[in-house]
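Asker: Residue numbers (my numbering), protein chains in the order written: chain A, 1 to 335; chain B, 336 to 670.
Glycine residues also receive a C-beta, built at the ideal position from the N, C-alpha and C atoms.
For clarity, every value in this text was computed on a predicted model and none was experimentally measured.
2 protein chains.
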Amino acid sequence: MPESNRVWRLRKRPVGAIGDDVLSFAPEPIPEPAVGQFLFRLNYLSLDPTNRIWMSDMDQYMPPVALGDAMRGVVCGTVVKSNHADFAPGDVVSGLGVWADYQIGAPGMLNKLGPFGNVSVADAFGLFAVVGPTAYFGLLDLGVPKAGETVVVSAAAGAVGSIVGQIAKIKGCRAVGLAGSAAKCQWLVNDLGFDAAINYKTEDVASALKRACPKGVDIYFDNVGGDILDACLKQMNLQGRIPTCGLISQYNAKDIVPGPINYPMILMQRLKVQGFIVLDYANRYPEAIAALAGWLQQGKLKFRMDMYEGLENAVITLRKLYTGENTGKLMIHVA
Amino acid sequence: MPESNRVWRLRKRPVGAIGDDVLSFAPEPIPEPAVGQFLFRLNYLSLDPTNRIWMSDMDQYMPPVALGDAMRGVVCGTVVKSNHADFAPGDVVSGLGVWADYQIGAPGMLNKLGPFGNVSVADAFGLFAVVGPTAYFGLLDLGVPKAGETVVVSAAAGAVGSIVGQIAKIKGCRAVGLAGSAAKCQWLVNDLGFDAAINYKTEDVASALKRACPKGVDIYFDNVGGDILDACLKQMNLQGRIPTCGLISQYNAKDIVPGPINYPMILMQRLKVQGFIVLDYANRYPEAIAALAGWLQQGKLKFRMDMYEGLENAVITLRKLYTGENTGKLMIHVA
Chain A
1 MPESNRVWRL
11 RKRPVGAIGD
21 DVLSFAPEPI
31 PEPAVGQFLF
41 RLNYLSLDPT
51 NRIWMSDMDQ
61 YMPPVALGDA
71 MRGVVCGTVV
81 KSNHADFAPG
91 DVVSGLGVWA
101 DYQIGAPGML
111 NKLGPFGNVS
121 VADAFGLFAV
131 VGPTAYFGLL
141 DLGVPKAGET
151 VVVSAAAGAV
161 GSIVGQIAKI
171 KGCRAVGLAG
181 SAAKCQWLVN
191 DLGFDAAINY
201 KTEDVASALK
211 RACPKGVDIY
221 FDNVGGDILD
231 ACLKQMNLQG
241 RIPTCGLISQ
251 YNAKDIVPGP
261 INYPMILMQR
271 LKVQGFIVLD
281 YANRYPEAIA
291 ALAGWLQQGK
301 LKFRMDMYEG
311 LENAVITLRK
321 LYTGENTGKL
331 MIHVA
Chain B
336 MPESNRVWRL
346 RKRPVGAIGD
356 DVLSFAPEPI
366 PEPAVGQFLF
376 RLNYLSLDPT
386 NRIWMSDMDQ
396 YMPPVALGDA
406 MRGVVCGTVV
416 KSNHADFAPG
426 DVVSGLGVWA
436 DYQIGAPGML
446 NKLGPFGNVS
456 VADAFGLFAV
466 VGPTAYFGLL
476 DLGVPKAGET
486 VVVSAAAGAV
496 GSIVGQIAKI
506 KGCRAVGLAG
516 SAAKCQWLVN
526 DLGFDAAINY
536 KTEDVASALK
546 RACPKGVDIY
556 FDNVGGDILD
566 ACLKQMNLQG
576 RIPTCGLISQ
586 YNAKDIVPGP
596 INYPMILMQR
606 LKVQGFIVLD
616 YANRYPEAIA
626 ALAGWLQQGK
636 LKFRMDMYEG
646 LENAVITLRK
656 LYTGENTGKL
666 MIHVA
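(1) Return helix, strand or coil for VAL495/B, following the three-state DSSP convention.
(2) If distances are taken between C-alpha atoms only, which option among TRP54/A, VAL75/A and ASP59/A comes closest to VAL65/A?
(3) Unbroken beta strand (DSSP E) runs of length 3 or more, entirely within the stretch 261-321 of chain A: which are they?
(4) Is the Cβ of PHE221/A closer than 8 Å to any Cβ of chain B?
(5) With a cut-off of 8 Å, does the C-beta of GLY581/B fall near any C-beta of chain A?
(6) Just to confirm before moving on: does the CB-CB distance between ASP436/B and LEU377/B stay below 8 Å?
(7) Taking CB distances under 8 Å as the criterion, tell me whether TYR598/B reaches chain A.
(8) Could you compute how far the alpha carbon of PHE529/B sits from the alpha carbon of ALA464/B?
(9) Residues in its own chain within less than 7 Å of ARG407/B by CB, not counting five upstream and five downstream?
(10) For LYS184/A, which of helix, strand or coil comes out of DSSP?
(11) With H, G and I counted as helix, E and B as strand and the rest as coil, what does DSSP make of ASP222/A?
(12) Interface residues of chain B around ILE277/A at Cβ under 9 Å?
(13) ASP280/A versus chain B: which residues are under 7 Å apart at the beta carbon?
(14) Of the residues VAL342/B, VAL410/B, ALA352/B and PHE373/B, which one's Cα is nearest the Cα of ASP590/B?
(15) Closest to ASN676/B by CA distance: which of GLY594/B, PRO593/B, PRO549/B and VAL592/B is it?
(16) Count the other C-beta atoms from every protein chain shown that fall within 10 angstroms of the C-beta of GLN570/B, then say buried if there are 16 or more, exposed otherwise.
(17) Which of helix, strand or coil does DSSP assign to CYS580/B?
(18) Can you pull the chain A neighbours of VAL608/B, defined as C-beta to C-beta under 7 Å?
(19) Quick check: what's the CA-CA separation for PHE25/A versus VAL7/A?
(20) If you measure between the beta carbons of TYR220/A and ALA122/A, is that distance less than 8 Å?
(21) Quick one: using the 10 Å Cβ neighbour count with 16 as the cut-off for buried, is THR323/A buried or exposed?
(22) Taking the alpha helix (DSSP H) that MET444/B belongs to, which residues open and close that run?
(23) Does the beta carbon of ILE30/A sit closer than 8 Å to a beta carbon anywhere in chain B?
(24) Applying a beta-carbon distance threshold of less than 7 Å, which residues of chain B neighbour GLN235/A?
(25) Name the DSSP bridge partner or partners of TRP8/A?
(26) Against ASP255/A, what residues of chain B qualify as contacts under a CB-to-CB distance less than 9 Å, listed in chain order?
(27) When the distance is taken between beta carbons, is CYS173/A closer than 8 Å to PRO145/A?
(28) Short of 7 Å in beta carbon distance, which residues of its chain neighbour TYR396/B, apart from the five on each side in sequence? Order them along the chain.
(29) What residue range is occupied by the uninterrupted alpha helix (DSSP H) comprising ASN386/B?
(30) In the DSSP assignment, what are the bridge partners of TYR437/B?
(31) Can you give me the start and stop residues for the beta strand (DSSP E) that ARG509/B sits inside?
(32) Taking any Cβ of chain B, which residues in the stretch 44-61 of chain A have a Cβ under 7 Å from it, in chain order?
(33) Please check the pair PHE375/B and ALA623/B, which I expect to be a contact at CB under 8 Å, by giving their CB distance rounded to whole angstroms.
(34) I want to see whether chain B comes within less than 8 Å of GLY259/A, judged by CB atoms only; does it?
(35) Three-state secondary structure (DSSP) at ALA482/B?
(36) With which residues is PHE116/A paired in a DSSP beta bridge?
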């Protein structure tokens with residue numbers, strides 16, 4: 001076991017994009033687990049849009065990270081020392097932790113991960129810890145897709161979006177994705193089996209949506225908010241559903257972000273707009289994981305990792321999420 | 336039977352408030368019912384916020400009234416001539432009709448009304464035809480109130496709002512209403528049993544909501560949209576519900592109306608915002624009417640009519656809705 005640890009700590013609230021002075025990265029002692037705790041070493045750090053929310057003091061779904069605290073993250077690691085009866089050295093765990101090489105496993109925040117047959121730890125963590133259940137419950141529980149319906153998803157080449165579109169196809173729906181480059185759009189259609197993809201950076205989204213969704217939109221799985229939400233609101237069919245998973249277009253905003261102008265469509269088309277956080281479904285994760293693992297083994301679901309090396313690169317890598325540079329699940333391999 | 340009829344027809348789409356030149360009112364022949372039709376005489380004309388939507392060509396939930404057509408309305412009348420086996424002269428009918436003394440009953444658009452014991456035709460029409468079922472299904476089906484929760488309703492001194500608050504009380508909730516005058520607020524609290532009322536014209540709505548809802552807001556029944564929606568979004572509890580019944584604050588708008596700035600609260604608080612139109616519940620009206628009639632007879636529900644005389648006064652009376660001059664159900668007595 002090494003003698004030193006490295007910890008990212010939140011130093012100030014970001015204004016706009018995450019600046020270099022928002023977090024510090026410095027050596028610290030390795031903490032000692034008390035009775036009922038365990039110590040684990042970080043193997044993979046998941047980078048997620050919500051990281052930017054936790055850094056800020058905007059209204060949010062759990063307390064923001066306090067200034068001076070270690071940065072919160074979705075983590076995967078290996079237990080190295082345990083004073084907890086349920087965890088032993090060598091156990092692979094995943095859940096909510098911090099951006100640090102070594103850290104204490106907080107009771108209830110981490111669970112053992114797998115093993116899942118021939119699925120690697122990285123894939124199991126990337127797909128099963130947050131992304132897969134988010135896509136699964138958001139689309140199926142809130143969206144309630146019926147075969148033949150049209151499902152549109154934004155940030156479709158992102159981790160959650162790419163899974164949403166594939167589950168839509170599995171359920172017999174037409175899947176249409178919005179993404180920010182021609183390469184991403186080709187990947188969605190050619191590799192993942194989306195019926196159509198729209199490059200929102202080069203196409204007129206409103207008219208492209210009309211072409212791609214000749215029968216209108218029954219479910220819009222919203223990862224981004226903003227102008228794309230407004231364009232989708234305009235195309236929604238009667239009794240359409242908008243599971244609201246993220247609003248990444250506005251997390252970096254410095255000024256007040258306008259609300260959707262087409263909000264009245266909620267009334268006129270009797271839409272259901274529903275926000276959700278996957279943590280609310282924690283007790284139903286096994287259901288989602290079983291389904292996702294089955295589709296993966298049957299070759300019906302593809303999962304793409306966008307993996308970078310080194311905890312020291314966490315911030316520069318995280319920024320890719322907000323500029324749309326990643327394709328698939330953004331992650332850091334630490335050890 | 337008289338020889339003449341009077342008909343309001345839509346001449347142009349309103350821009351802003353409903354101008355004098357938007358509709359015409361002129362004598363016309365009394366129509367003759369064909370086989371399978373009946374002719375009825377208008378007794379009461381319901382004036383509803385949605386009338387302004389139907390006049391416009393904004394995105395809406397059914398086709399707008401075509402230019403030149405008789406203005407659509409929720410009507411109550413008495414059959415005077417029938418070529419339809421199910422309707423006989425003297426039958427009282429209510430449903431969708433037009434602003435005219437005499438008109439043809441369109442199959443499927445009108446149903447027989449009552450009789451309902453000692454409830455007058457006017458009250459039965461006012462409460463059971465649209466208002467009561469709207470409040471009933473919007474609050475109970477979409478809001479799903481639990482005893483002890485806090486229900487906020489806007490346009491609370493209006494027809495639907497006043498019923499929503501009373502049903503909330505019947506269900507054991509805290510009921511808080513927003514209305515536009517001290518007299519209306521007093522009526523809500525002193526006569527209808529609301530726990531609190533907020534005068535949105537004189538009070539700071541955000542801080543008044545905090546005072547009136549110390550445990551936050553579980554259900555916001557939205558009749559108005561706009562700034563009040565934004566203020567309520569900010570106070571919503573986790574898993575809160577926003578049945579969206581109307582957006583009257585923006586029906587008269589000449590320019591594009593901004594969307595709600597606090598839209599991200601839908602995500603952060605995992606809210607469910609759901610639009611509805613009571614017509615979608617047509618097959619469940621009997622359930623609502625039975626419950627409403629029961630509460631009325633038990634003295635648990637009060638219903639207030641704001642009745643005016645004369646079909647010729649339809650437009651000047653309708654305008655009261657958008658300036659907030661009415662209290663209770665706005666209606667015209669015709670014959």
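Answerer: In this structure, then:
(1) If you number the second sequence from 1, residue 495/B lands on position 160. DSSP places VAL495/B in helix when its eight states are reduced to three.
(2) Taking the first residue of the first sequence as position 1, residue 65/A is located at position 65. Of the candidates TRP54/A, VAL75/A and ASP59/A, the one whose C-alpha sits nearest the C-alpha of VAL65/A is TRP54/A.
(3) 272-275 and 305-309
(4) What you label residue 221/A is simply residue 221 of the first sequence in a count that begins at 1. So, not an interface residue.
(5) If you number the second sequence from 1, residue 581/B lands on position 246. So yes, GLY581/B belongs to the interface.
(6) Locating residue 436/B in the second sequence gives position 101, counting from the first residue. Locating residue 377/B in the second sequence gives position 42, counting from the first residue. Yes, the Cβ-Cβ distance between ASP436/B and LEU377/B is below 8 Å.
(7) If you number the second sequence from 1, residue 598/B lands on position 263. Cβ-Cβ to chain A under 8 Å: yes for TYR598/B.
(8) Within the second sequence, numbered from 1, the residue matching residue 529/B stands at position 194. Within the second sequence, numbered from 1, the residue matching residue 464/B stands at position 129. Approximately 24 Å between the Cα atoms of the pair.
(9) What you label residue 407/B is simply residue 72 of the second sequence in a count that begins at 1. For ARG407/B, where only same-chain residues beyond five positions count, the Cβ hits under 7 Å are TRP389, VAL400, LEU431 and VAL433.
(10) Here residue 184/A refers to the residue found at position 184 of the first sequence. If DSSP states are grouped into helix, strand and coil, LYS184/A belongs with the helices.
(11) Here the question's residue 222/A lines up with position 222 in the first sequence. In the structure shown, ASP222/A sits in a strand (DSSP, three-state: E or B).
(12) Within the first sequence, numbered from 1, the residue matching residue 277/A stands at position 277. Going along chain B in sequence order, the residues near ILE277/A (Cβ under 9 Å) are LEU602, MET603 and ARG605.
(13) Here residue 280/A refers to the residue found at position 280 when the first sequence is read from its first residue. The contacting residues are ARG605.
(14) On the second sequence, residue 590/B is found 255 positions in, with the first residue counted as 1. The shortest Cα separation from ASP590/B among VAL342/B, VAL410/B, ALA352/B and PHE373/B belongs to ALA352/B.
(15) This structure cannot speak to residue 676/B, because chain B is shown only from 336 to 670.
(16) The residue labelled residue 570/B in the question sits at position 235 within the second sequence. Flag for GLN570/B reads buried.
(17) For the purposes of this step, residue 580/B is taken as residue 245 along the second sequence, with counting starting at 1. Three-state DSSP puts CYS580/B in coil, outside helix and strand.
(18) Here the question's residue 608/B lines up with position 273 in the second sequence. Near VAL608/B (Cβ distances below 7 Å), the residues of chain A are ILE266 and VAL273.
(19) The residue given as residue 25/A occupies position 25 in the first sequence. The residue given as residue 7/A occupies position 7 in the first sequence. Straight-line Cα distance between these residues: approximately 6 Å.
(20) As a first step, residue 220/A is located in the first sequence; it is residue number 220 there, counting from the start. As a first step, residue 122/A is located in the first sequence; it is residue number 122 there, counting from the start. Result no, Cβ atoms of TYR220/A and ALA122/A do not sit closer than 8 Å.
(21) Mapped onto the first sequence, residue 323/A falls at position 323. It counts as exposed.
(22) Locating residue 444/B in the second sequence gives position 109, counting from the first residue. Run containing MET444/B: none; DSSP gives neither H nor E here.
(23) Taking the first residue of the first sequence as position 1, residue 30/A is located at position 30. Output row for ILE30/A: interface = no.
(24) In the first sequence, the residue the question calls residue 235/A occupies position 235. None at all; the shortest Cβ gap to chain B is about 11 Å.
(25) Within the first sequence, residue 8/A is the residue found at index 8, counting from 1. Answer by DSSP bridge pairing, in chain order: PHE25/A.
(26) Reading the first sequence from its first residue, position 255 is the one you call residue 255/A. Per Cβ cutoff of 9 Å: no residues; ASP255/A is ~11 Å from chain B at best.
(27) If you number the first sequence from 1, residue 145/A lands on position 145. If you number the first sequence from 1, residue 173/A lands on position 173. Taking 8 Å as the Cβ cut-off, PRO145/A and CYS173/A qualify as a contacting pair.
(28) The residue given as residue 396/B occupies position 61 in the second sequence. Here the set comprises ILE612.
(29) Looking up residue 386/B in the second sequence gives position 51. Here the alpha helix (DSSP H) through ASN386/B covers 385-390.
(30) Against the second sequence, residue 437/B aligns to sequence position 102. BP columns for TYR437/B point to ARG376/B.
(31) Taking the second sequence and counting its residues from 1, one reaches residue 509/B at position 174. Where ARG509/B is concerned, the enclosing beta strand (DSSP E) stretches over 509-514.
(32) ASP59, GLN60 and TYR61
(33) In the second sequence, the residue the question calls residue 375/B occupies position 40. In the second sequence, the residue the question calls residue 623/B occupies position 288. Contact doesn't hold; Cβ gap of about 24 Å is too wide.
(34) As a working mapping, residue 259/A is identified with position 259 in the first sequence. Yes, because at least one Cβ of chain B sits closer than 8 Å to the Cβ of GLY259/A.
(35) In the second sequence, residue 482/B corresponds to position 147, counting from 1. Coil, per DSSP.
(36) Looking up residue 116/A in the first sequence gives position 116. According to DSSP, which records beta bridges pairwise, PHE116/A is partnered with VAL119/A.
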